[in-house]
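Some notes on the structure that comes next.
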Amino acid sequence: MNLELVPMLIMTLLLILSGDADVDTAQLLLRGRHTVSDHAGALIVGDASVTVPAGAHAPGPIYLIGGRTRIDGAVAGDVRQLAGTLVVTDGAAIGGELQRIGGTQEVAATAAIGRRSTVELPTPDRTSIASYIPWALVTGLLALVAARRARRNPTALTNMRRAVAEHPVISLTVGALVTVTGLSLFVFMAFTLVLLPVSILGLLAGLVITGYGIIAWGTLIAPRIPTTRGGLAAGAGVAVVMVMLELAGGVPVLGDLLVMGVLLTGIGAVMVTYFGLQEYRPVTLPP
Amino acid sequence: MKLFEFVADRRWVPVTGYVFYVAALTAGYYYNLTFVQLGLIDLGTRLVGLSPRDVSKVMAVLALTTLVVAIGGGILMDRRGWSSNLHRKLRGLLAVISVQLVLTLVAPVIRTPAALLAWVVVCSVTLGTGIPLMFSTMIDFIPVRDRGYIAGIVAGLSFFVAALYPRQWRIEDFSVVVAGAMAPAVLVLGVLSFRRFAFVDELARQHEQFGTGRFCRPAPVRTSSFVFWLLIVLMFSVFFIDSLGFLRIMEAPVYISTSWQSPQVGTRVFIAVTHVAGALAAGVIYTNFTRRWLFLWIFGLFAFTHLLYTFDLRMGSTSTPPLVLPMFYVLAVSFYTTLNFALWPDHSTATTIGVHTGLGVGIAGWLASFLSTSLALYSEAIGLSLLRHLTYVNALALLLAFLLPVALYVRRMTTLARQGATP
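Those sequence lines, one after another, are chains E and U. Per the working numbering, the first sequence starts with residue 106, numbered consecutively. Per the working numbering, the second sequence starts with residue 3, numbered consecutively.
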């Protein structure tokens, strides 16, 4: 599953939970080609290609979080588009509201739409300096935390740094396993709806662990920063890591793999050291 | 890894041992996994015309005979000192593989239940003999430090090939592939068994250094010990859960598209690569953490996997299921298979490895797999729905995922209670 779908899937489930539709009959289409005619209940379109054929009457609502959806027939309820591509052809009808939050739309002028609305979200423009504000804020926050930890509890940072530097394969393995399992578990929990708050909390905890992992990498670079002040060096190290991750992210495939490897290794280092509370020592094996 | 040290020091004889072990175990496990476990079902139902219930009885005969021969063979190996005699083991393997080659070639022409039963009995004798012989070569070839990684490589490679080829689970297809791979193996083993080579003599002496397993230091693990039998019970449970769910899932039309039998090459490659990644991850965890973490991961993964499948079934999904379902299944299977390769030699010395691998692989591996496969066939024959069947499997997996940490906690508590309360 495309990882970018996870937050949108959770947002969609929150919308459904808020009373948009009957949650028990919701169906998620993650991949493949599908023709929808009489599915009763909410339909969530992930990385799939979905068609409502001419003459068909789908009850809806339909949520688009990815993929491509083509409506030739009629949808009685709402259609909410968070991402992906939506095509509404001549003669198609949407009884409820067609809401666009994101993604691309192609709506024929003659299509019968009950109501149309657009939620304008600021589009990140990588050419403007303002687009880097969120990144800079995150970097600043992580640098502050690193600096504070370096002053108050340097041992914790040392433990995490040693896990990254001395046991990268183990950290990467643990990080990858924890991430894959945790992410799937939290998405699965979200589907139960009862556990949706736990799922959101879990994902937030995941973000905290990822941030802590970046701090672990930052402390690895800190000794190379020409200053005697430990806190400043740790903060600057984190900033360097963030810049490197940003630059690497711009390189297709290899850059993405590098970023993923760095983040997963950091997560693993945090996990095996219990957030730096204990030094990680592999079991001792005979020669 | 010790292997890198050998390569750096240009010590090619120990490196040859690694290559031999990986090639032999990968081929052997592929044979057991595909030809015996999956091919036998096709042979029994399609060519001989037996019902699934009758095939389940045949598989039970196979499992029990294999178990008895594996234990008997292991005891014999240890008592006669063959466990630490590589030359003997190579000759034994030559005999086993030669008979298996003949069995492989004749399998597609079997048409009667009597012939099938005779084939199964001979096959199980070779399997039972092969288990302690094959698994015990780890003490001759692989140093303790590398066992987790090498076990991961063997598990990953076996599943990688099995997931990609053959595309049809037909005994004829299996027969061609397996016989083609066995013929050169027989030739190599024949040469190594009947001619004296200096490098084989050197490999035969390595058990003096590698023979004592990781968990046998400082004191060896006794066959009658609680730890050894607890491991057998745990591994039995793991194999049982896997095979119980696997067969029914693989035969459900809705899940075929995301299984080993998927017509999509991309899906099969995804499964094959995930097997390798999972096995290597298991190798890393086995080498660097204690056993309990690996068992916790395995039970946790199985519980979560079956939860995903039952959830998908309850949702009544008719579309292609997401690949996350087979992904977790594959991870769980790769984890425990890796563990199975390394665990028994690491609980053995050169004088106990025959019995320990015979008991461990025989009971926990073969007996559990075939009993649960028989049970899965039986549940299919009596018309138990897939959802109901997987609910039982899931309940078992959840129970074990719960009981293991509780048992570990209680054990720690008992130890503390014996020491008395401290301030």
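Yeah, the Cβ is synthetic: ideal placement off N, Cα and C, and Gly gets one too. Keep in mind it's a predicted model, so treat the numbers as computed, not measured.
Would you identify the three-state DSSP class for U:H349, choosing helix, strand or coil?
Coil at U:H349, not helix or strand.
Is there at least one Cβ from chain U nearer than 9 angstroms to E:R175's Cβ?
Not closer than 9 angstroms to any Cβ of chain U, the Cβ of E:R175 fails to qualify, so no.
Per DSSP, which one or two residues make a beta bridge with E:A188?
E:I170, per the DSSP bridge assignment.
Could you confirm whether any beta carbon from chain U is found closer than 9 angstroms to the beta carbon of E:L50?
Residue numbering for chain E in the displayed model covers 106 to 392; residue 50 of chain E lies beyond these limits and cannot be assessed.
Taking the alpha-carbon positions, what's the U:I355 to U:P134 distance?
Approximately 8 angstroms, taken between the alpha carbons.
What does the alpha-carbon distance come out to for the pair E:P387 and U:D148?
Distance between the alpha carbons of E:P387 and U:D148: 14 angstroms.
CB-CB under 6 angstroms to U:F212, same chain, minus the five flanking residues each way: which ones, in chain order?
Within the same chain, U:F212 has close Cβ partners I141, P145.
If the criterion is Cβ atoms closer than 9 angstroms, does the pair E:G280 and E:T370 meet it?
Their beta carbons are under 9 angstroms apart, which means E:G280 touches E:T370 by this criterion.
Looking only at its own chain, which residues have a Cβ that is under 8 angstroms from the Cβ of U:V124, when we skip the five neighbours before and after it?
Result list for U:V124: V101, L105, in chain order.
Does the beta carbon of U:N290 come closer than 9 angstroms to any beta carbon on chain E?
Cβ-Cβ to chain E under 9 angstroms: yes for U:N290.
Would you list, in sequence order, the uninterrupted beta strand (DSSP E) runs of no fewer than 3 residues that lie entirely inside the region 196 to 221 of chain U?
Runs found: none.
Can you find a CB in chain E that lies within less than 9 angstroms of the CB of U:F8?
Answer no: the Cβ-Cβ gap between U:F8 and chain E never drops below 9 angstroms.
Please determine, among U:W299, U:D203, U:N34, U:W84, the residue with the shortest C-alpha to C-alpha distance to U:P16.
For U:P16, the nearest C-alpha among the options comes from U:D203.
Consider the Cβ of E:V285: report whether some Cβ of chain U lies at a distance smaller than 9 angstroms.
By this cut-off, E:V285 is an interface position.
Measure the C-alpha to C-alpha separation of E:I115 and E:V292 and round it to an integer number of angstroms.
Distance between the alpha carbons of E:I115 and E:V292 is about 7 angstroms.
Please list, in chain order, the chain U residues whose beta carbon lies closer than 9 angstroms to that of E:A281.
Within chain U, the residues near E:A281 are A279, A283.
Where E:V192 and U:G158 are concerned, what is the direct C-alpha to C-alpha distance, given to the nearest angstrom?
Approximately 44 angstroms, taken between the alpha carbons.
Could you tell me whether the Cβ atoms of U:F176 and U:L40 are closer together than 9 angstroms?
In this structure, U:L40 lies closer than 9 angstroms to U:F176 by Cβ.
What separation, rounded to the nearest whole angstrom, lies between the Cα atoms of U:Y23 and U:V357?
Whole-angstrom Cα-Cα distance: 20 angstroms.
Closer than 9 angstroms by beta-carbon distance: list the chain E residues that pair up with U:P324, in chain order.
Within chain E, the residues near U:P324 are M106, L133, L135, R136, G151.
Is any beta-carbon of chain U found at less than 9 angstroms from that of E:P239?
By this cut-off, E:P239 is not an interface position.
What residues from chain C crowd round U:L310, counting only those whose CB sits closer than 9 angstroms?
Among the protein chains of the structure shown, namely E and U, there is no chain C.
Do you know how far the Cα of E:Q132 is from the Cα of E:G146?
Each residue's alpha carbon lies about 7 angstroms from the other.
In chain order, what residues of the region 249 to 274 of chain U put their CB closer than 7 angstroms to some CB of chain E?
Cβ contacts with chain E come from no residue of the region 249 to 274 of chain U.
Is the CB-CB distance between E:A197 and E:A159 below 9 angstroms?
Result yes, Cβ atoms of E:A197 and E:A159 sit closer than 9 angstroms.
Would you mind reading off the limits of the alpha helix (DSSP H) that contains E:E52?
Beyond the ends of chain E as shown, which are 106 and 392, falls residue 52 of chain E; an answer cannot be given.
Residues of chain E with CB closer than 9 angstroms to the CB of U:F306, please, in chain order.
Result: T286, S289, L290, F293.
Do U:I73 and U:G1 have their beta-carbon atoms positioned less than 9 angstroms apart in this structure?
Because chain U is modelled from 3 through 425, residue 1 of chain U falls outside the range shown and cannot be assessed.
Taking all protein chains shown into account, do 16 or more other C-beta atoms lie within 10 angstroms of the C-beta of U:I243, making it buried, or fewer, making it exposed?
So U:I243 counts as buried.
Who pairs with U:H277 in a beta bridge, going by DSSP?
Paired residue(s): none; U:H277 is not in a bridge.
Below 8 angstroms, can you find three or more Cβ-Cβ pairs linking the region 320 to 338 of chain E to the region 257 to 276 of chain E?
They touch, by the three-pair rule.
Flag this pair as yes or no: are the beta carbons of E:L337 and E:A252 separated by less than 9 angstroms?
Yes, they are a contact pair.
Should U:S226 be labelled buried (16 or more other beta-carbon atoms within 10 Å of its own) or exposed?
Looking at its Cβ environment, which holds fewer than 16 other Cβ atoms inside 10 Å, U:S226 is exposed.
Against chain U, does E:I275 count as a neighbour if the rule is that its beta carbon must be under 9 angstroms from one of theirs?
Output row for E:I275: interface = yes.
Looking at chain E, which residues of the region 214 to 226 of chain U have a Cβ within less than 9 angstroms of any of its Cβ atoms?
Correct list: T214, R216, R219.
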